[in-house]
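A.B. asks: Here's a structure for you.
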Amino acid sequence: MKLNAAILEESIAAVERHLGIRITVVDNQGSFHTPAGNVLFPPDRQSHRKNQVCNLGFNNQCIEHCRHAMKEKCTGITDGFAEDCWKGVTEIVIPIRRGEEQLLGMFYAGSWRRKGSVPPKGLPRSFIPAFYELPIWNECNGKRLKTLLELLVDGIVRRLDGLEYSTTSNSTRGYRISTFVRRHLSEPLGIDELSAHLGLSRSSTSRLLQENFHCGLIKLLHEERIRRAQTLLIGTTETVANIAAKVGFRDKYHFSKVFRKISGMPPGLFRRQTFSIK
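Just so we're on the same page, my numbering is the position in the sequence shown counted from 1, plus 762.
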């Protein structure tokens, strides 16, 4: 199945134009990339800051709500919902799931305000008129829009699944390896853990790695961890040290060394070149 960044991005952009809303994709698992390591969505797609009301007064509360609190909420549910952020902005949130167990990320759509809502104090003065220019949230229209967006998200996941199975590996066990590695990137992971998961000996597991990925486990882990780190560098303002810990590196120095080796530049430069924080 042919899949590249342009196809998915063009599809989402077309939906935005048709519906008159802005869409943001949050990648929790580092899953939205091609086998070559190229991200499927550009930096602007992965950041709320393209939305005027989100960019005005953007701070750590925004990251805490849209990345962490919503991840926690979406972990236990499958259907989309309307959510009010700490600024009083209403968005549609669709959990991006693979099956019932794995949460890949969140799909955010639109910006509204509820009738009679008042923005909190402490935000820039320019936020106030931007907030009151938002359309009023309509529950009935919101439900219809949510259903449409859920179909779009389902289509994205199906394309990702087809890509992952057909091009990441050539066997069922190869697919199991890639899935297991991605689900446990932040944990200490060695050949013993992978062998136990596959029910194979260490030597058989090492042979499968070479057959399917043409490398050993350490290199595979490093490549997957750096891909996820690139996603976090693009879509968040978290420090390099925090990102290093989240993707399974023992310290930021080791992380930076591996990042430079794979990406050709240090993580800080990658972030500056890829996405300029406004």
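Where a beta carbon is used, it is the ideal one built from N, C-alpha and C, also for glycine.
#1: Cα-Cα, which of 787, 886, 951 is closest to residue 821?
#2: Quick check: residue 966 and residue 1010, are their CB atoms within less than 8 angstroms of each other?
#3: Do you know how far the Cα of residue 828 is from the Cα of residue 847?
#4: Going by Cα to Cα distance, which pick from 802, 769, 809 is closest to residue 784?
#5: Between which two residues does the alpha helix (DSSP H) containing residue 869 stretch?
#6: Look up residue 939 in the DSSP assignment and say whether it is helix, strand or coil.
#7: Would you mind listing the alpha helix (DSSP H) stretches within the region 969-1026 that are 4+ residues and don't spill past its ends, in chain order?
#8: Give the C-beta separation of residue 863 and residue 855 to the nearest angstrom, bearing in mind that I take them to be a contact with Cβ-Cβ under 8 angstroms.
#9: If you scan the region 839-916 from start to end, which runs of the beta strand (DSSP E) of 3 or more residues do you find wholly inside it?
#10: Which one of 806, 768, 900, 795 has the shortest CA to CA distance from residue 985?
#11: Would you report the Cα separation of residue 884 and residue 815, rounded to the nearest angstrom?
#12: For residue 1041 and residue 787, which I take to be in contact (beta-carbon distance under 8 angstroms), what is that distance rounded to the nearest angstrom?
#13: Helix, strand or coil for residue 795, going by three-state DSSP, please let me know.
#14: Just how far apart, CA to CA, sit residue 1014 and residue 776?
#15: What are the partner residues of residue 785, as DSSP defines its beta bridges?
#16: Quick one: using the 10 Å Cβ neighbour count with 16 as the cut-off for buried, is residue 793 buried or exposed?
#17: Taking Cβ positions, are residue 865 and residue 835 nearer each other than 8 angstroms?
#18: Looking at residue 1043: is its Cβ nearer than 8 angstroms to the Cβ of residue 935?
#19: For residue 820, which of helix, strand or coil comes out of DSSP?
#20: Pick helix, strand or coil for residue 949, following the three-state DSSP scheme.
#21: Contact check, residue 852 vs residue 875 under 8 angstroms by CB: the rounded distance?
#22: Taking the alpha helix (DSSP H) that residue 826 falls in, what are its first and last residues?
#23: Suppose contacts are defined by Cβ-Cβ distances below 8 angstroms. Is residue 960 in contact with residue 938 by that definition?
#24: State yes or no: is the C-beta of residue 1062 within less than 8 angstroms of the C-beta of residue 953?
C.D. replies: Per the coordinate set shown:
#1: 886
#2: no
#3: 8 angstroms
#4: 809
#5: Per DSSP, residue 869 belongs to no alpha helix (DSSP H); it is in the beta strand (DSSP E), 864-874.
#6: helix
#7: 979-997, 1002-1008, 1014-1025
#8: About 19 angstroms separates the two Cβ atoms, so there is no contact after all.
#9: 843-846, 852-860, 864-874
#10: 795
#11: 14 angstroms
#12: Shown here, the chain extends from 763 to 1040; a query on residue 1041 therefore has no answer.
#13: strand
#14: 39 angstroms
#15: 871
#16: buried
#17: no
#18: With the chain covering only 763 through 1040, there is no way to say anything about residue 1043.
#19: coil
#20: coil
#21: 6 angstroms
#22: Here residue 826 belongs to no alpha helix (DSSP H), and DSSP marks it neither H nor E.
#23: yes
#24: Absent from the model: residue 1062. The displayed extent of the chain is 763 to 1040, so no value can be given.
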